[in-house]
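Q: Just so we're on the same page, my numbering is the position in the sequence shown counted from 1, plus 872.
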Amino acid sequence: MMRLLRVLFCAYIMVVIVNAMPEPKDPRVPFKFYSRQDWGAAPANDTVPLNTPVPYVVIHHTYIPGACHTFEECSRSMLSMQNYHGVTLDWGDIGYNFCVGSEGGAYEGRGWKTKGIHAGRANGISVGICLIGDWRSELPPSMQLETTKALIESGVEKGFIRPDYKLVGHRQVMSTECPGGALYEHISGWEHFSPTFVPMKA
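1. Going by the CB atoms, is the gap between T942 and G976 shorter than 8 angstroms?
2. By a C-beta neighbour count over all protein chains shown, 10 Å radius and 16 as the cutoff for buried, is D1075 buried or exposed?
3. CA-CA distance, R908 and K985?
4. In this structure, how does DSSP classify F1065 when only helix, strand and coil are distinguished?
5. Reducing DSSP to helix, strand and coil, say where F943 ends up.
6. Classify A991 as buried or exposed, calling it buried when 16 or more other Cβ atoms lie within 10 Å of its own Cβ.
7. Let me know if M893 comes out buried or exposed under the rule of 16 or more other beta-carbons within 10 Å of its beta-carbon.
8. On the DSSP letters alone, give me the boundaries of the alpha helix (DSSP H) that G1027 sits inside.
9. Give the range of the beta strand (DSSP E) segment to which L1003 is assigned.
10. Please state whether DSSP places A978 in a helix, a strand or coil.
11. Inspect the CB distances between the segment 1052–1060 and the segment 1005–1014 and report whether three or more fall short of 8 angstroms.
12. What residue range does the beta strand (DSSP E) around D1036 cover?
13. Are there 16 or more other CB atoms within 10 angstroms of the CB of G938, so buried, or fewer, so exposed?
14. Would you call the CB atoms of V929 and V999 closer than 8 angstroms?
15. So, is R1043 buried or exposed, given that buried needs 16 or more other C-beta atoms within 10 angstroms?
Right, here's the structure in full:
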């Protein structure tokens, strides 16, 4: 009898523990997402709508600013880029649709619905995702790479990126080193990578 009571008591404790655990995160958003408000973005002065779903995803790196490893560091990088792109270059806002930090956070730039200024002739037919850091000779941390993949998949699920999208590096669209040699070689092995970029009407 005592043994049965002990078993029942242990089962009761397990039920209490399980019920006290927090709800699991939405598996469709397996990464930290920070809105423009979260990182303190200034209001945008350029908000041309993006015709979605887009057929391309363009991968970038910043080179400068360098890699960021905390929300505070990445927020400062986002503000720095917004100021440079929006004020110095007169683009009206940060050029990228999204950026990803080395801590695995995804940072909203222009977002899914606004045309970016990040890859010349590809601007109107793509989402531009920038991996913050200099990835010429080394790869971003695995968390940064996995968040990038998850962010793209989220865009597909939400209908902003075509399911048959093509992934390209910035250097395939314009004359640039971006997204850095190491990162470019790595993404060339991703499932949707395309060795060629074919311009099309937005």
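Don't be surprised by glycine CBs; every beta carbon is placed ideally from N, CA and C.
A: For this structure:
1. For the purposes of this step, residue 976 is taken as residue 104 along the sequence shown, with counting starting at 1. For the purposes of this step, residue 942 is taken as residue 70 along the sequence shown, with counting starting at 1. In this structure, T942 does not lie closer than 8 angstroms to G976 by Cβ.
2. Coverage of the chain is limited to positions 873 through 1074, which leaves residue 1075 absent and any answer about it impossible.
3. Position 36 of the sequence shown, counted from the first residue, corresponds to residue 908. Position 113 of the sequence shown, counted from the first residue, corresponds to residue 985. One C-alpha to the other measures close to 14 angstroms.
4. Residue mapping note: residue 1065 aligns to position 193 of the sequence shown, counting from 1. F1065: strand per DSSP, three-state reduction.
5. Start at 1 with the first residue of the sequence shown, and residue 943 comes out as number 71. Reduced to three states, the DSSP call for F943 is helix.
6. Your numbering for residue 991 matches position 119 in the sequence shown. With 16 or more other Cβ atoms within 10 Å, it is buried.
7. Along the sequence shown, read from residue 1 onward, the residue named residue 893 stands at position 21. The pLDDT assigned to M893 is 34, lower than 50, so where the model puts this residue is not dependable; a value taken from the coordinates is nonetheless given after this. With fewer than 16 Cβ atoms within 10 Å of its Cβ, M893 is classed as exposed.
8. Position 155 of the sequence shown, counting from 1, holds the residue named residue 1027. Start and end: 1014–1029.
9. Here residue 1003 refers to the residue found at position 131 of the sequence shown. Here the beta strand (DSSP E) through L1003 covers 998–1003.
10. Position 106 of the sequence shown, counting from 1, holds the residue named residue 978. In the structure shown, A978 sits in a strand (DSSP, three-state: E or B).
11. yes
12. Reading the sequence shown from its first residue, position 164 is the one you call residue 1036. Here the beta strand (DSSP E) through D1036 covers 1033–1041.
13. For the purposes of this step, residue 938 is taken as residue 66 along the sequence shown, with counting starting at 1. By the neighbour-count rule (16 or more Cβ atoms within 10 Å), G938 is not buried but exposed.
14. In the sequence shown, the residue the question calls residue 929 occupies position 57. In the sequence shown, the residue the question calls residue 999 occupies position 127. Taking 8 angstroms as the Cβ cut-off, V929 and V999 qualify as a contacting pair.
15. Counting from one through the sequence shown, the residue named residue 1043 turns up at place 171. Label assigned to R1043: buried.
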